[in-house]
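A.B. asks: First the structure, then my questions, so here it is.
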Amino acid sequence: MASTSDIRKGAVIRHQNDLYAVVESQHVNPGKGAAFVRTRMKHLASGKVIEITYKTSETVDIVSVQWQTMQFLYKTGENFAFMNMSNYEQIEMNGDLIGDETKYLKEGIDVVIGLYEDRPVSIQLPKKIQYKVVEAPPAVKGDTAAGNVTKEVTLDNGLKIQAPIFIKEGEEVLVNTETGEYSARA
Amino acid sequence: MSTWSDLKNNHRLKEIYEQRIKIVKSIREFFWSNNFVETETPVAVRYASQEPYLNPIPAAIHDTRSTIYKMYLRTSPEYALKKLLAAGFEKIFEIGKCFRDFESFGGNHNTEFTMLEWYRAPGTYQEIMDDTEKLFKYVSESLKIEDLRFKDYKIKVNQTWDRMTMKEVWQKYVGVNLDEYLKIERLKDLVSERGYQVETEDMYEDLFFKLFLNEIEPKLGLERPIFVYNYPAEMSSLSRLCDHDSRYAERFELYIGGLEVANAFGELTDADEQLHRLTKDQELRSKLRKEIWPVDPDFIAALRSGIGSAGLPADLSAEALAKVGALAKAGGIALGVDRMILLFTGAKDINEVMFNSVNDQLTTNN
């Protein structure tokens, strides 16, 4: 049994005999009482997300997950393939389990995969990922005056983001994977 | 994240920060135009509040002879503002920084945050509810922002807000009569029946929140903002008991999109009762092995001198005072300004509405 301070994104909890991966956890201090941890977690079998709030002193059944840095290789149908670069073992993870974060994956980037009984159960992306801009409409004179300070650009993995007007095709940019926003020029 | 480089590069974050400045200005305008006096009270205080679960940040100060004095950064300006009520101010507000240690660096919390408190003496907690609703509507009007946004919820400001008692929300969402669960033993059974862990050290309030946070709070204020009022007397250390039912106390909280935004009291103005409750809080701190300090004697003295009876002749008898009971009432509220800004701007995290939050400072350039 573990304590609620071990609840963090990616941790895997056994709740009523089912496994759930933590998507998000938040401290809540209701009024003036003891602290609680509001936990959003995804049912590993169905992908359904539930929310449970624990008092910080409660015990939680956190199953031990082995964290392994792996390189993203390619997408094959519904699955995403990763390779453990230390032993060249390959694993595949279902897109539903990765969720919305699939859109940030780009061939060759390192991610951290959580394995439970050798099965991939959760993924942690780098906070910022570098991409090459492959498509950016040219800035038009008068844009800034018209209040258009951002424009949509397409990145080398197909992701589209809003970037400042001065970003050109061929430039490298950093994207924040928590918000999906442009962060800086790389 | 809102560092200088975020504000420079991310148009959305820059706009949030600009909105923040306008919202705070608009809050000030609202109170000034409603004849509230804006106050400034100390951030560093000799006696911090006694709330058992809050952790003030200790601060050491020195005089010219290097003598050390231990102070704390305030967790709320509440005591100081009530002292000003005792001094005869009748309608006051303050916007200022407060600090709470051992909080998360982001989400809905930050170690340093901006609190808005206002008080009416004489005044009632119903009037404070009216003020709150009017304040949000004023800010909405002046910034031309019609909806409050939190997670995927969009809540229109300009509509009639809900007001429900705690007893009513328990009936609605849990299907039980809260009257029957005002004693810890009964509540323990209910909480355990519904599948939650009951720990031996759980107090009434802990059990209450195990159920409330899981089954009620996430559903509050999803269509329109809601005031939930009249809390079990057990959970209200600075509020007065309800006139017609002493099992409940005059406390309310405002929820919008499931987010708690403000906490208010019909203020307890009885000095002896207040001293008694704060001493109990202090005992609990000690039981929880937390640092303890004396109950602020000057706060108790201020209450003893009378709050909310300003304007009445000083020689009024106790009986006469009781007759004008309404006048001896005070109401006050603490509202998280950063959370209010988060709702008005649709920001994703409290760190997005603050410049250089603790998290930004700890993670930038290192």
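Going line by line, the protein sequences match chains A and B. Residue numbering for the first sequence follows the UniProt record's numbering, starting at 1 and increasing by one per position. Residue numbering for the second sequence follows the UniProt record's numbering, starting at 1 and increasing by one per position. All residues carry an ideal CB built from backbone N, CA and C; glycine is no exception.
1) Under 8 Å, Cβ to Cβ, is there at least one residue of chain B near Val112/A?
2) Using the C-alpha atoms, what's the distance from Leu19/A back to Val295/B?
3) Can you list the residues of chain A that Asn214/B reaches, using a CB-CB cut of under 7 Å?
4) Within 8 Å of any Cβ in chain B, is that where the Cβ of residue 227/A sits?
5) Taking only runs that begin and end inside the region 184-211 of chain B, name each unbroken alpha helix (DSSP H) of 4 or more residues, in chain order.
6) Does any residue of chain A have a CB that is nearer than 8 Å to the CB of Phe136/B?
7) In chain A, which residues lie less than 7 Å from Asn55/B when you measure between Cβ atoms?
8) DSSP puts Ala21/A in a beta bridge; with which residues?
9) So, using beta-carbon positions, are Ile161/A and Ala139/A closer together than 8 Å?
10) Under a three-way DSSP split, which group does Ser239/B fall into?
11) Flag Arg14/A as yes if its beta-carbon sits less than 8 Å from any beta-carbon of chain B, otherwise no.
12) Can at least three beta-carbon pairs, one atom from the region 101-112 of chain B and one from the region 124-138 of chain B, be found at a separation below 8 Å?
13) DSSP on Thr53/A, reduced to helix/strand/coil?
14) When you check each C-beta in the region 92-112 of chain A against every C-beta of chain B, which residues fall closer than 8 Å?
15) Can you name the start and end residues of the beta strand (DSSP E) that Met71/B belongs to?
16) Between Phe72/A and chain B, is there a C-beta pair that is closer than 8 Å?
17) Along chain B, which residues have their Cβ under 7 Å away from the Cβ of Val28/A?
18) Can the beta-carbon of Asn230/B be found less than 8 Å from the beta-carbon of Lys167/B?
19) For Glu169/A, which residues of its own chain have a beta-carbon under 6 Å away from its beta-carbon, when the five flanking residues on both sides are left out?
20) Can you find a C-beta in chain A that's less than 8 Å from the C-beta of Arg12/B?
21) Using a Cβ-Cβ distance cut-off of 8 Å, determine whether Glu267/B contacts chain A.
22) Looking only at its own chain, which residues have a Cβ that is under 8 Å from the Cβ of Ser305/B, when we skip the five neighbours before and after it?
23) Would Arg240/B and Glu205/B be called neighbours here (beta carbons separated by less than 8 Å)?
24) Could you tell me whether any Cβ in chain B is nearer than 8 Å to the Cβ of Val149/A?
25) Using the Cβ count rule (16 or more neighbours within 10 Å means buried), how would you classify Ser237/B?
26) So which residues of chain B does Pro164/A contact, with C-beta pairs closer than 8 Å?
27) Is Tyr69/B buried or exposed, if buried means 16 or more other CB atoms sit within 10 Å of its CB?
28) Establish whether the CB of Gly107/B and some CB of chain A are separated by less than 8 Å.
29) Just the chain A side, please: which residues come within less than 9 Å of Phe209/B by C-beta, in chain order?
30) Under 8 Å Cβ-Cβ, which residues of chain A neighbour Glu103/B?
31) Please state whether the Cβ-Cβ distance between Lys83/B and Phe265/B is less than 8 Å.
32) With 7 Å as the limit, tell me which residues of the region 343-366 of chain B have their beta carbon closer than that to any beta carbon of chain A; keep them in chain order.
33) Among the residues of its own chain, which have a CB less than 6 Å from the CB of Val324/B, if the five just before and after it don't count?
34) Below 9 Å on C-beta distance, what does Pro218/B contact in chain A?
35) Out of Val175/A, Ala34/A, Val65/A, Val60/A, which one is the CA nearest neighbour of Pro126/A?
36) Closer than 7 Å between beta carbons: that is the criterion. Which residues of the region 181-207 of chain B meet it against chain A?
C.D. replies: Taking the coordinates as given:
1) It does not; no Cβ of chain B falls within 8 Å.
2) When rounded, the distance between both Cα atoms is 47 Å.
3) Simply Ile52, Thr53.
4) The question about residue 227/A has no answer, for chain A in this structure spans 1 to 186.
5) Annotation note: the region 184-211 of chain B contains the following uninterrupted alpha helix (DSSP H) runs of length 4 or greater, listed N- to C-terminal: 184-193, 204-211.
6) Answer no: the Cβ-Cβ gap between Phe136/B and chain A never drops below 8 Å.
7) Within chain A, no residue has its CB atom less than 7 Å from the CB of Asn55/B, the nearest being about 10 Å off.
8) The beta-bridge partner set that DSSP reports for Ala21/A consists of Val12/A, Lys42/A.
9) In this structure, Ala139/A does not lie closer than 8 Å to Ile161/A by Cβ.
10) If DSSP states are grouped into helix, strand and coil, Ser239/B belongs with the strands.
11) Output row for Arg14/A: interface = no.
12) Output reads no: the region 124-138 of chain B does not touch the region 101-112 of chain B.
13) Thr53/A: strand per DSSP, three-state reduction.
14) Listed in sequence order: no entries.
15) Residue range 68-73 is occupied by the beta strand (DSSP E) that includes Met71/B.
16) Answer no: the Cβ-Cβ gap between Phe72/A and chain B never drops below 8 Å.
17) Within chain B, the residues Leu213 have their CB atoms less than 7 Å from the CB of Val28/A, given in chain order.
18) Yes. Within cutoff.
19) So the qualifying residues of the chain are Val133, Ala136.
20) Residue contact check for Arg12/B against chain A: a CB pair falls below 8 Å.
21) Not one chain A Cβ lies under 8 Å of Glu267/B.
22) If we look at Ser305/B and ignore the five residues flanking it on each side, its Cβ neighbours are Ala86.
23) The Cβ-Cβ distance between Arg240/B and Glu205/B does not fall below 8 Å.
24) At least one chain B Cβ lies under 8 Å of Val149/A.
25) That one is buried.
26) By Cβ distance, chain B contributes Asn9, His11.
27) Tyr69/B is exposed by the Cβ-count criterion.
28) Yes, Gly107/B counts as interfacial toward chain A.
29) Simply Val28, Pro30, Gly31, Gly33, Ala34, Phe36, Thr53, Lys55.
30) Neighbours of Glu103/B in chain A, taken as residues whose beta carbon is under 8 Å from its own, are His27, Asn29 in chain order.
31) The answer is no: Cβ separation not under 8 Å.
32) Considering only beta carbons, the part of the region 343-366 of chain B lying closer than 7 Å to chain A consists of Lys348, in chain order.
33) The predicted position of Val324/B is uncertain, since its pLDDT is 47 and thus under 50; a value taken from the coordinates is nonetheless stated next. Result list for Val324/B: empty, nothing under 6 Å.
34) Arg38, Glu51, Thr53, listed in chain order.
35) Ranking the options by Cα distance to Pro126/A, first place goes to Val175/A.
36) Listed by position along the chain: Gln197, Glu199, Glu205, Asp206.
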